[in-house]
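Trainee: Have a look at the structure that comes next, please.
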Amino acid sequence: MTHWVNTTHDWAASVDRDHLGAIRADVERYAPGGVLHLVLEVLAYADDEAESAGQRGQCTVTLHEDGSISIADNGRGTDTRVDDHGNVVKKPVMATKDLRFFDDPAAPSLPDGHPRRGMSVVAALSDWLIHTNRRTNGSWTQRYEHGIPVTGLEPVASDGTTGTTVHFLCDLPYADVTPYLGFSHLDVAVVRLG
């Protein structure tokens, strides 16, 4: 049986429905300020990836006409492994608790001054979220609705790059993201469509 070291997330389960439900039941706690906080959660994850790679990363935040937001980075992509049965397993960042921050009263603050909780907050509070992952060993996309995967990992053609794109839509209040884009290892550009 496969046993992987849990650092940021518990590899034992791909979805934690109770955890996602608890987030949806307390929006004010987990997404103070609305969509802005969700954007900052995604940018913090991309910043982590750039820092662990020992480089400065690049990220583009795109504000789409339908109210959705996509955030694309040039990192390594989300960790993906193969289990004992040959099944591809991705790190469950969208649908399980971030072990570093979620329950920690001393979790670091994001640039909006509120505690970091992890990517599951973004997924749980989004009507839909599409996670596209590009790694050197393969690329795929997966769709979530309120944090629950509604598709499997669908292969996408390699374009020679690595990185992660998180595209999501939620109906929380929106605030301008540009005053809050200070991350230590990440250069962020904002693109407005429409």
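Here this note's numbering is used: position 84 in the sequence shown is 368, and no number is missing along the way. For each residue, glycine too, the CB sits at the ideal point set by N, CA and C.
#1: Would threonine 446 pass as a contact of arginine 418 if the rule is Cβ separation under 7 Å?
#2: Near tyrosine 420, what residues of its chain come up, given a Cβ to Cβ distance below 7 Å and the 5 sequence neighbours on each side ignored?
#3: Residue range of the alpha helix (DSSP H) that tyrosine 314 falls in?
#4: CB-CB under 6 Å to glutamate 429, same chain, minus the five flanking residues each way: which ones, in chain order?
#5: From the DSSP output, which residues share a beta bridge with histidine 430?
#6: Give the DSSP-derived three-state secondary structure of glutamate 325 in the structure shown.
#7: In angstroms with no decimal places, state the Cα-to-Cα distance between glycine 341 and glycine 466.
#8: Whole angstroms is fine: what's the gap from methionine 285's alpha carbon to asparagine 371's?
#9: If you follow the beta strand (DSSP E) that serine 404 is in, where does it begin and where does it stop?
Mentor: Walking through what the data contain:
#1: Yes, Cβ-Cβ distance for threonine 446 and arginine 418 is below 7 Å.
#2: In the sequence under discussion, the amino acid at residue 420 is threonine, which differs from the tyrosine named in the question. The beta carbon of threonine 420 sits closer than 7 Å to the beta carbons of Thr446 from its chain, once the five residues preceding and following it are set aside; these are given in chain order.
#3: Residues 311–314.
#4: For glutamate 429, where only same-chain residues beyond five positions count, the Cβ hits under 6 Å are Trp412.
#5: Under DSSP, no beta-bridge partner is assigned to histidine 430.
#6: In this structure, glutamate 325 counts as helix in the three-state DSSP scheme.
#7: The straight-line gap from Cα to Cα measures roughly 13 Å.
#8: Model confidence at methionine 285 stands at a pLDDT of 49, short of 50, so the residue's coordinates are unreliable; what they give is reported in the following sentence. Rounded to whole angstroms, methionine 285 and asparagine 371 show a C-alpha spacing of 13 Å.
#9: Premise fails: serine 404 lies in the alpha helix (DSSP H), 403–408, not in any beta strand (DSSP E).
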